[in-house]
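>
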Amino acid sequence: MPAAILVYAALLLCSTSAVASANSDILFYCQTTNGKQVHIQQHDSNVRYRFGKNPAHPELEFTQPKTQVYQRNFTVDDNGYRAHARQMWLHNGNAHYVTTVLYLSKGTVYSLGVYHDGKDVDIPCRRRHAFENITRIDALPELPDDFEVE
Numbered sequence: 004m005p006a007a008i009l010v011y012a013a014l015l016l017c018s019t020s021a022v023a024s025a026n027s028d029i030l031f032y033c034q035t036t037n038g039k040q041v042h043i044q045q046h047d048s049n050v051r052y053r054f055g056k057n058p059a060h061p062e063l064e065f066t067q068p069k070t071q072v073y074q075r076n077f078t079v080d081d082n083g084y085r086a087h088a089r090q091m092w093l094h095n096g097n098a099h100y101v102t103t104v105l106y107l108s109k110g111t112v113y114s115l116g117v118y119h120d121g122k123d124v125d126i127p128c129r130r131r132h133a134f135e136n137i138t139r140i141d142a143l144p145e146l147p148d149d150f151e152v153e
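Add 3 to a position in the sequence shown, counting from 1, and you land on the number used in my numbering.
1) On the CB-based measure, 16 or more other CB atoms within 10 Å of its CB, does Phe-54 come out buried or exposed?
2) Less than 8 Å separating the beta-carbons of Tyr-100 and Tyr-52?
3) Does the separation of the CB atoms of Pro-61 and Asn-49 fall below 8 Å?
4) Would you call the segment 33–45 in contact with the segment 73–87, where contact means no fewer than 3 C-beta pairs closer than 8 Å?
5) Kindly provide the ranges of any alpha helix (DSSP H) runs that are 4 or more residues long and lie completely inside the segment 94–139, ordered along the chain.
6) For Asp-28, which residues from the same chain have a beta carbon less than 7 Å from its beta carbon, with the 5 sequence-adjacent residues on both sides left out?
7) Secondary structure at Thr-70, three-state DSSP: helix, strand or coil?
8) Quick check: what's the CA-CA separation for Thr-138 versus Leu-105?
Following this line, the structure appears as structure tokens:
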């Protein structure tokens, strides 16, 4: 009996590490309230952004060098308490795409922001349908202090 448990545990560990390594290049994933998906993945020295209902045929897809994708950590007010927030900034032409994760007392909130031609749109992600790879995002360059959205 103990040998069977050890074998089962070993198989479980092997399958878990295989899944983790297969998803290790995902920086951010979110399914919006209207069913569209955002996939942001790192491929070697580039980051690829895909958005749409079908990830195989996205409505919007672009790639940019990892050195031009920024992260930002900061705090926000959460009913009188300080809460942590993390953003990842990408750009395509004169549009900026920003993932935001807020760690609030009521739970974690994921969203996607789009800044284009002086307008901004905030797109909420569905609860329990979002993921961020904190280690990979924190390894990105910090958002420069003089960064401006066009």
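Positions of the beta carbon are idealized from the N, C-alpha and C atoms, including for glycine.
On a predicted model such as this, the values are computed, not experimentally measured, just so you know.
Well, looking at it:
1) Around the beta-carbon of Phe-54, 16 or more other beta-carbon atoms lie within 10 Å, marking it buried.
2) Yes; because the gap between Cβ atoms is below 8 Å, this pair is in contact.
3) It is not a contact, given that the beta carbons lie outside the stated cut-off.
4) Segments in contact, no.
5) The segment 94–139 contains no whole alpha helix (DSSP H) run of 4 or more residues.
6) Excluding sequence positions up to five before and after Asp-28, its CB lies within less than 7 Å of the CB of Gln-44, Gln-45 and His-46, all in the same chain and listed in chain order.
7) It is helical.
8) The alpha-carbon atoms of Thr-138 and Leu-105 are separated by roughly 16 Å.
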